[in-house]
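In terms of UniProt numbering, the sequence shown opens at residue 1 and continues consecutively. For glycine and all other residues, C-beta sits at the position ideal for the given N, C-alpha and C.
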Amino acid sequence: MDFIKNVVSQITSTNLNTSVKAFKSLIESDPKLYKLTTEMFTQTRPGDPAIPSNLATFIVQLNSLVRSAPVFSTERWASSPLTRFIEPYIRTPSGYEFFLNAKVNNAFHDILKDWGKFLCGPESAAVLTSEPNGWFSPDALANMRDFEKTFVCDSSKPHWGFNSWEKFFNRELRQGARPIAEPDNPGVVSAAVDGVTHKFATNIKDEYWLKNQPYSLEDMLDGDPIAGQFVGGTVLQVYLEPTGYHRWHAPVSGIIVRTLEIPGVFCPAQRDSTSLDNWVSESQGYAVHTATRHLIVIETEDKVVVCCLFAGILERGSCETTVLPGDYVEKGQELGMFHFGGSTHCLIFEPRVRVDWKDTENMKVGQEISRISLGNISGVSE
């Protein structure tokens, strides 16, 4: 243990990003955190990918990560490098305890801020090329179908006109690229995000279970009094793919009656998942309770109240709401966006609203996902 600590100490401060340097100092100065990091390296599972097996290498690779932009890969989670990097450790007993520590949580928030600054800078555009693993390589464009037709860009310009990775990630839709389903029909709900259906349930309670995970409206809405209005109602949860579109749009027309920003923790996931895919999937339920999340509540002209929740997971945790209480929004109008990564989204309806859900696994902004009318439905669907 002393040998590892000496090696870490030899990493010069000038070589480290400010936030990574502070993280290193935190571990070195706290015996409990130092013990947990040492243990988590020995607890990683057989079959885990090649990962740092000591603190010195961990710090060096973390520092390299926050000075680089995600590259494209056909592997599903390669464009979420921080998730891939820490996931093997979070799935260990000591690593899980380490990353849930409040001081570690604060340190990683600072690391994410520094990484965000890099991703907003011009150096991050280096991955926006047609080279292998570039975001405009043939493989990438095959994955992001109709990219040039769908998004505001210019393939004749360097980096297709994006001056940073964040600008690319947070790209805007071309006019008309996502037609809005029956824009003048208040009974038609359109998709607020591009995503994959994760869960759907009716007759929800303040505390309920879906796919072996506990949910609580009280916690999801951070104790806001409005939570009681939705007990017995309907919830739809959608997951956003890392390579997809990450802006949010109004699912119905109406008045913004409430917005709320809820700070969250860095590590919301459980540790007993058997794979990275399962781990990210199982993080969805935890994210809507514990991750950074924004609430936007809309009241339609028929006095139907819809709660939109947007939550981040790990590096996909930065949310921005662009509407204010009192604003009137048209169905399909932009409400906000994720920065540096997508995450998860919930639509929550009151119990007095009948929701006829269209069984849509993959959805695009603007397409019809349900029809609503006043009148109860009962039962639970998963």
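First and last residue of the uninterrupted alpha helix (DSSP H) at residue i
i    : result
L62  : L55 to L65
K103 : A102 to L119
M40  : P31 to Q43
I86  : P81 to I90
E218 : L217 to M220
A140 : P138 to N143
With 16 other Cβ atoms within 10 Å as the buried cut-off, status of residue i
i           : result
Y239        : buried
D194        : buried
Y89         : buried
N17         : buried
R171        : buried
T74         : exposed
K199        : buried
residue 392 : No information on residue 392 is available, as it lies outside the stretch 1 to 382 that the chain covers here.
N63         : buried
A107        : buried
Y328        : exposed
G254        : buried
Q175        : exposed
G233        : buried
S29         : exposed
E87         : buried
R247        : buried
P70         : buried
P53         : In the sequence on display, residue 53 carries Ser and not Pro. It is exposed - the Cβ of S53 has fewer than 16 other Cβ atoms within 10 Å.
Limits of the beta strand (DSSP E) - the one that residue i falls within
i    : result
G228 : Premise fails: G228 is in no beta strand (DSSP E) and is neither H nor E.
R258 : G254 to I262
M337 : E334 to H339
D356 : V353 to W357
R248 : Here residue 248 is Trp; the residue named in the question, Arg, does not match the sequence. Residues R247 to H249.
T321 : S318 to T321
E368 : E368 to L374
F310 : V305 to G312
E299 : R293 to E299
Cβ pair residue i, residue j closer than 8 Å
i           : j    : result
K331        : V252 : yes
E43         : S94  : Here the sequence assigns Gln to residue 43, which means Glu is not the residue at that position. Cβ atoms of Q43 and S94: closer than 8 Å.
T150        : L173 : yes
G264        : T292 : yes
residue 387 : S124 : Because the chain is modelled from 1 through 382, residue 387 falls outside the range shown and cannot be assessed.
V231        : C346 : no
S155        : E148 : yes
L324        : T259 : yes
F340        : L36  : no
S318        : G312 : yes
P322        : H294 : Before going on, a small fix: residue 322 reads as Thr here, not Pro. No, these two residues do not count as a Cβ contact at 8 Å.
E361        : T197 : yes
Sequence-distant residues of its chain with Cβ nearer than 6 Å to residue i (five each side left out)
i    : result
V305 : E299 and E350
S68  : none
V365 : R178, A191, D194 and H249
P183 : K331
F72  : N133, W135 and A140
E166 : L119 and C120
A227 : L217, E218 and L221
Cβ-based neighbour list, residue i, same chain, cut-off 7 Å, excluding 5 preceding and 5 following
i    : result
L65  : P81, L82 and F85
S370 : V189, V355, D356, W357 and K358
G187 : R371, I372 and S373
Q367 : A181, S190 and A191
M40  : Y89, T92, S94, G95 and F98
D302 : P186
Cβ-heavy atom distance, residue i to the ligand SAM, below 7 Å
i    : result
Y328 : Absence of the ligand SAM is noted for the structure shown, with no ligands found whatsoever.
Contacts around residue i, its chain only, beta-carbon distance under 8 Å, and the 5 residues preceding and following it disregarded
i    : result
S130 : F136, S137 and P138
F162 : A125, L128, C153, F168 and R171
A22  : A107 and D110
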